[in-house]
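Numbering (full-length UniProt numbering), first residue to last: 1 to 421. Where is the CB? At the ideal position from N, CA and C, for every residue including glycine. First comes the structure, then the notes that go with it.
In structure tokens:
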């Protein structure tokens with residue numbers, strides 16, 4: 001196992017170097033593209049007479065439990081690192097669009113995508129139950145703006161846009177995981193629980209995650225406040241993520257939501273009231289480095305997964321139609337939230353277009369698809385999910401910067417004045 005980890009870290013570092021030195025794409029997207037090219041080269045070499053090479057790499061990648069690795073470990077680190085740098089006052093200012101998109105937005109997207117997927121699958125002659133279509137809707141609903149944030153920064157996106165995209169992504173991962181878990185439980189039990197039982201499970205996972213994250217975040221903040229040592233502070237935050245995630249899983253509350261809340265407490269209350277300048281600098285440097293490394297590993301793994309999945313042209317065509325359906329559902333969730341917000345405050349130009357196009361799908365969707373029970377539905381949904389994620393990151397991720405620049409250049413700074421009440 002140690003050899004596998006070493007090989008994968010070395011390969012990811014090499015891919016990161018190749019992208020930085022020769023390709024020049026945004027870091028996470030570039031790593032994924034180079035990993036994809038590496039996968040295609042391996043497949044080409046196996047065709048040209050080196051058959052053992054591709055099989056050997058497939059065996060190595062097959063040993064990695066992608067779903068477990070991402071959902072139980074990497075996601076907690078990534079969400080904590082993301083929340084650490086989010087200003088709580090900014091988040092509070094845009095709490096309504098963020099709250100609507102991260103809760104009702106996920107539920108609406110799950111229903112819309114699931115319903116459209118049911119007819120699209122039937123169009124291609126695949127008989128997928130409506131419940132599995134809803135599962136597909138739930139797993140593809142969470143947005144993953146990790147790849148797009150750097151692009152938004154270089155495109156000088158406004159603070160409301162960046163805050164809304166980051167805030168939504170931090171919380172909608174947790175919401176989507178809870179919705180997926182409820183639907184998966186129904187699929188495995190074979191019976192639909194009562195509405196009250198479903199609501200209780202949702203409350204236990206989501207609200208429990210908020211309360212648990214708040215508790216451990218506050219405890220670690222008090223511990224940090226009692227010491228003036230940057231090494232211990234970094235160790236405490238590391239223990240918070242590793243131990244907190246394990247405990248959240250044990251008591252069946254949402255680890256992703258708990259890590260977001262804990263990260264917000266340490267990044268705001270802890271940063272302002274318990275740390276000196278040196279501690280802040282060390283903490284930020286450590287978590288930024290860890291965030292960059294894990295993102296590179298995640299996107300390299302997504303690129304390498306190409307070697308393991310069966311594809312055909314029907315999958316590509318269906319994924320193309322579903323990608324359009326996903327964009328439509330994204331528009332249906334984004335537009336009402338932003339139109340509602342316009343009644344109270346000024347909204348930057350092109351917000352609806354940018355939020356719709358900027359809703360990238362990523363590693364969380366692939367990990368949830370891998371968590372589906374073994375069977376023909378899983379193989380189909382996994383292949384479709386993978387193609388949708390790839391096309392989303394490559395097409396939307398590489399063009400969102402141009403859209404931001406275009407929207408802010410061709411339209412006035414604001415589209416409406418706040419309503420006077």
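Rounded to the nearest angstrom, the gap between the Cα atoms of residue 378 and residue 133 is 11 angstroms.
Rounded to whole angstroms, the gap between the alpha carbons of residue 123 and residue 375 is 21 angstroms. Going by DSSP, residue 247 is part of the alpha helix (DSSP H) stretching over 230 to 250.
Between residue 298 and residue 83, the alpha-carbon positions lie close to 18 angstroms from each other. Note on the region 268 to 320: there is no whole beta strand (DSSP E) run with a minimum of 3 residues. Residue 63 sits in coil when the DSSP states are folded into three classes, being neither helix nor strand. For the pair of segments examined, the region 211 to 225 was found not to touch the region 164 to 184: the number of CB pairs separated by less than 8 angstroms stays below three. Residue burial annotation: residue 178 is buried, with at least 16 other C-beta atoms found within 10 angstroms of its C-beta. Scanning the region 21 to 56 from its first residue to its last, the whole alpha helix (DSSP H) runs of 4-plus residues come out as 27 to 47. Take the alpha-carbon of residue 220 and the one of residue 315: they are about 48 angstroms apart. Counting C-beta atoms within 10 angstroms of its own C-beta, residue 288 has fewer than 16 neighbours from the protein chains shown and is therefore classed as exposed.
The alpha carbon of residue 118 has as its nearest neighbour, out of 333, 322, 390 and 359, the alpha carbon of 322. When rounded, the separation of the alpha-carbon atoms in residue 385 and residue 305 is 12 angstroms. By the neighbour-count criterion, in which a residue is buried when 16 or more other Cβ atoms sit within 10 angstroms of its Cβ, residue 333 is buried. Shown here, residue 176 sits in a helix according to DSSP, grouped into three states. Under the three-state reduction of DSSP, residue 144 is assigned to coil, being neither helix nor strand. Rounded to the nearest whole angstrom, the C-alpha separation of residue 100 and residue 52 is 51 angstroms.
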